[in-house]
Amino acid sequence: RYLLGELSKAIKYELNTGDIEISLWDGIGITAHNFKARSRVGPESIAASRVRVTLDAGELIRGRVVPTRIFLFRPQVEFAFEKGWGASKPGQVSDIKAMLLQRLAGFPAVSAEDARVCIKGVPFKFDHLYSNVSQMKGDPQKFQGSLRGRFVYKKEKIPFTMRGTIGQDAKGENEPFADVKIKTGKVPLTWIPSFESLPVKDGHAKVHIKLKGSLDGPVSAEGEIIADDLRFSLVKADKKKGFSLPDLA
Numbered sequence: 065r066y067l068l069g070e071l072s073k074a075i076k077y078e079l080n081t082g083d084i085e086i087s088l089w090d091g092i093g094i095t096a097h098n099f100k101a102r103s104r105v106g107p108e109s110i111a112a113s114r115v116r117v118t119l120d121a122g123e124l125i126r127g128r129v130v131p132t133r134i135f136l137f138r139p140q141v142e143f144a145f146e147k148g149w150g151a152s153k154p155g156q157v158s159d160i161k162a163m164l165l166q167r168l169a170g171f172p173a174v175s176a177e178d179a180r181v182c183i184k185g186v187p188f189k190f191d192h193l194y195s196n197v198s199q200m201k202g203d204p205q206k207f208q209g210s211l212r213g214r215f216v217y218k219k220e221k222i223p224f225t226m227r228g229t230i231g232q233d234a235k236g237e238n239e240p241f242a243d244v245k246i247k248t249g250k251v252p253l254t255w256i257p258s259f260e261s262l263p264v265k266d267g268h269a270k271v272h273i274k275l276k277g278s279l280d281g282p283v284s285a286e287g288e289i290i291a292d293d294l295r296f297s298l299v300k301a302d303k304k305k306g307f308s309l310p311d312l313a
């Protein structure tokens, strides 16, 4: 329990668990069952059936508990962004930037298996997530990671994968950035806002793109979007004509 208390201080989460085991497999660490955590600095919470934390042996000898890797099995994660998802004003930090950089900074490496993530106030969630995120060697402000899982909205379950880097310059003077590749299964085109004069009626699209830019600013995109069974209408004054395109790339 002493190690759990010190770990709670190190990662800034209130921790509660069931049985705890000391593990020597792949380094010194602890394995906790029926794990629950709530952030001391934000509204997010985590619950997992099992968590394994590997500790820095050298720091442990000096009396400090420093996690080097955290593995979560079947975690359920809940976030809440009080300021919303929009871009922040000059001099302010949006919730999404604060959450990403502040939380990641406390975890040199994090892996999750079969995770479920939901965000308060939004109608979608993510499930069957498998992720691996770690600090880049020589630059603790940058992280590299991979993620695969499903985006769930209404009755649709869209598989996706994501791989890339996220971070900020060492001095923290520039905007946090992301450089990621995203690949999805078929996304309903009706989810995408359309013009009143060009309403989309049906269709799906697979997305394979690379996004690069600031988390709160301009983002460049390159790649391809392959649509099929696209149906839309062209509306002009009191006239309306329907169109159908079986394939479009």
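For what it's worth, the numbering used here labels the leading residue of the sequence shown as 65, then goes sequentially. The beta carbon of each residue, even a glycine, is placed where N, CA and C say it ideally should be. Note that the structure is a prediction, hence the values are computed from the model and not measured.
Buried or exposed for residue i, please, with buried defined as at least 16 other CB atoms from any protein chain shown within 10 angstroms of its CB.
| i | result |
| --- | --- |
| Ile-290 | exposed |
| Glu-108 | buried |
| Tyr-77 | buried |
| Arg-104 | exposed |
| Val-283 | exposed |
| Ala-176 | buried |
| Leu-298 | exposed |
Just reading off the alpha helix (DSSP H) that residue i is part of, what are its end residues?
| i | result |
| --- | --- |
| Gly-125 | Correcting the residue type first, residue 125 is Ile in the shown sequence and not Gly. Where Ile-125 is concerned, the enclosing alpha helix (DSSP H) stretches over 121-125. |
| Glu-78 | Here Glu-78 belongs to no alpha helix (DSSP H); instead the beta strand (DSSP E) covers 77-80. |
Within the continuous beta strand (DSSP E) that includes residue i, where are the two ends?
| i | result |
| --- | --- |
| Ser-278 | 264-278 |
| Leu-298 | 283-300 |
| Lys-245 | 241-252 |
| Leu-136 | 131-137 |
| Gln-205 | 203-217 |
| Ala-96 | 93-103 |
Taking Cβ positions, are residue i and residue j nearer each other than 8 Å?
| i | j | result |
| --- | --- | --- |
| Gln-132 | Ala-74 | Note on residue identity: the sequence assigns Thr, not Gln, to residue 132. No, Cβ-Cβ distance for Thr-132 and Ala-74 is not below 8 Å. |
| Thr-254 | Val-264 | yes |
| Val-129 | Leu-67 | yes |
| Asp-302 | His-268 | no |
| Gly-209 | Leu-193 | no |
| Ala-242 | Leu-211 | no |
| Phe-143 | Ala-112 | no |
| Gly-231 | Pro-240 | yes |
| Phe-188 | Ser-198 | no |
Query raised in the report: Is the region 114-123 touching the region 83-100 in the sense that three or more CB pairs, one from each, lie closer than 8 Å?
Result: Taking 8 Å as the limit for Cβ pairs, the verdict is that the region 114-123 does touch the region 83-100.
Query raised in the report: Quick check: the region 200-207 against the region 177-188, are there 3 or more CB pairs under 8 Å?
Result: No, because fewer than three Cβ pairs between the region 200-207 and the region 177-188 fall closer than 8 Å, the two stretches do not touch.
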